[in-house]
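Here's the structure we're looking at; comments come further down.
Residue numbers (the UniProt record's numbering): 1 to 309.
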């Protein structure tokens, strides 16, 4: 995971063009500037990727005022974490309290001193950057460096909704390292950790599209999310991963085996069209496929679904 070196995006919202120009000139050396001159435009700009990193928002504007803009931003999942600073001529304590209550992180009264504005913007951008880093770390499995179950669950929900909207197929593969407890018992937990890291790296390298995702689901279990993929495509990915993991030639001599292997289940459906009606049902199907592979002798792939490709 690489850290972006691009300048942060700041959206300036004010119905007075001169105010926008003053703030833009003061911040353009350190930020990429977007502008809006009313509340409706502010919402449209803020909700269009790439999202702003911070919003400087005037309170008094014709039509939708700044308080309402802020409230709507905080009620929308895509924009609720964007820090908002009110910049306004209304400097009463009650106005400031109201601004903070609707979700703003700061309140700057006009006439403002540009060095103070720049310092506050810089501080809040740094806090946002640290918060984003912590959020990313919370989505990564600490041992293997791949996405964790929390990130998988979020992506699964998003891809399910997208598949319903676009009428595309969605597939899952779930894999479990065969006899991993015995591996840990005989080779030690340090070797077990190294084994899981190698398996994760191999599964990641077996993916061929940017939108595909492999995550550690728990323990020695991994799950693969394959958007716009049918049952036959899921089978091919699962088999490719099985062969790649066997090809690592990691010794495993204490379970009637020679090397570390993986059993994998796979499943696919067209959300909203097939009998599978929810992400949890699709997970149940792929989990049943995994146990079918294990019951059938391990080191193989299986599904409980009929191929309708």
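Ideal Cβ positions, reconstructed from N, Cα and C, are used throughout, including at glycine.
Nonlocal neighbours in the same chain, by C-beta distance under 7 Å from residue i, ignoring five residues either side
i	result
residue 125	8, 53 and 54
residue 118	26 and 27
residue 271	160, 163, 164 and 170
residue 315	For residue 315 there is no data in the structure shown, the boundaries of the chain being 1 and 309.
Start-to-end residues for the beta strand (DSSP E) that takes in residue i
i	result
residue 51	Taken as a continuous stretch (DSSP letters only), residue 51 belongs to no beta strand (DSSP E), as it is neither H nor E.
residue 264	262-269
residue 106	106-109
residue 12	9-13
residue 175	170-177
residue 221	221-227
residue 113	Neither: residue 113 is in no beta strand (DSSP E) and is coded neither H nor E.
residue 20	Careful: residue 20 lies outside any beta strand (DSSP E), inside the alpha helix (DSSP H) at 17-27.
residue 34	32-36
residue 215	213-218
residue 88	84-88
Pick from the options that is closest to residue i, judged by C-alpha positions
i	options	result
residue 67	99, 25 and 162	99
residue 156	26, 11 and 278	278
residue 60	179, 47, 39 and 45	39
residue 87	63, 283, 11 and 146	11
residue 298	58, 111 and 246	246
residue 306	296, 285 and 295	285
residue 122	212, 94, 84 and 186	84
residue 72	103, 56 and 294	103
residue 46	69, 112 and 65	69
residue 159	111, 51, 211 and 207	211
residue 50	62, 75 and 79	79
residue 280	154, 89 and 185	154
residue 207	232, 81 and 240	240
residue 200	209, 189 and 141	141
residue 234	113, 76, 135 and 303	303
residue 257	236, 22, 183 and 232	183
residue 146	198, 188 and 259	198
Span of the alpha helix (DSSP H) around residue i
i	result
residue 164	149-166
residue 286	279-295
residue 69	66-74
residue 370	Look at the range of the chain in this structure, 1 to 309, and you will see that residue 370 is not part of it.
residue 305	Residue 305 -> no alpha helix (DSSP H), and no H or E assigned at all.
residue 99	93-101
residue 245	231-246
Residues of its chain near residue i, where Cβ-Cβ distance is below 6 Å and the 5 sequence neighbours each way are ignored
i	result
residue 37	15
residue 238	173, 264, 266 and 301
residue 44	none
residue 42	13, 36 and 69
residue 31	7, 8 and 10
residue 166	none
residue 3	Low confidence applies here, because residue 3 scores a pLDDT of 46, under 50, leaving its location unreliable and the question unanswered by this model.
residue 90	59
residue 1	Legend: pLDDT at residue 1 = 37, less than 50; position of this residue unreliable, value from coordinates given subsequently. Contacts found: none.
residue 96	107
residue 19	none
residue 276	269 and 282
residue 294	263
Cutoff 8 Å: residue i Cβ touching any chain B Cβ
i	result
residue 52	The structure shown has no chain B; it contains just one protein chain.
Near the ligand ATP: residue i beta-carbon under 7 Å from a heavy atom
i	result
residue 49	As for the ligand ATP, it is missing from this structure, which has no ligand bound.
Contacts around residue i, its chain only, beta-carbon distance under 8 Å, and the 5 residues preceding and following it disregarded
i	result
residue 17	37
residue 116	108
residue 150	138 and 139
residue 24	12, 33 and 35
residue 152	213, 215, 217, 223 and 225
residue 65	39 and 59
Whole-number beta carbon distance between residue j and residue i, since they are thought to touch under 8 Å
i	j	result
residue 248	residue 202	6 Å
residue 144	residue 196	6 Å
Worksheet item: On the three-pair Cβ rule with 8 Å, is the region 285-299 touching the region 261-270?
Response: Touching, per the Cβ criterion.
Discussion item. Within 8 Å, do at least three Cβ pairs link the region 106-120 to the region 130-137?
Written reply: Counting Cβ pairs under 8 Å, fewer than three are found: no touch.
Worksheet entry | Validate contact between the region 205-216 and the region 248-257 using beta carbons, cut 8 Å, 3 pairs | They do not touch, by the three-pair rule.
Discussion item. Taking 8 Å as the cut-off, does the region 173-180 touch the region 219-228 (at least 3 CB pairs, one atom from each stretch)?
Written reply: yes
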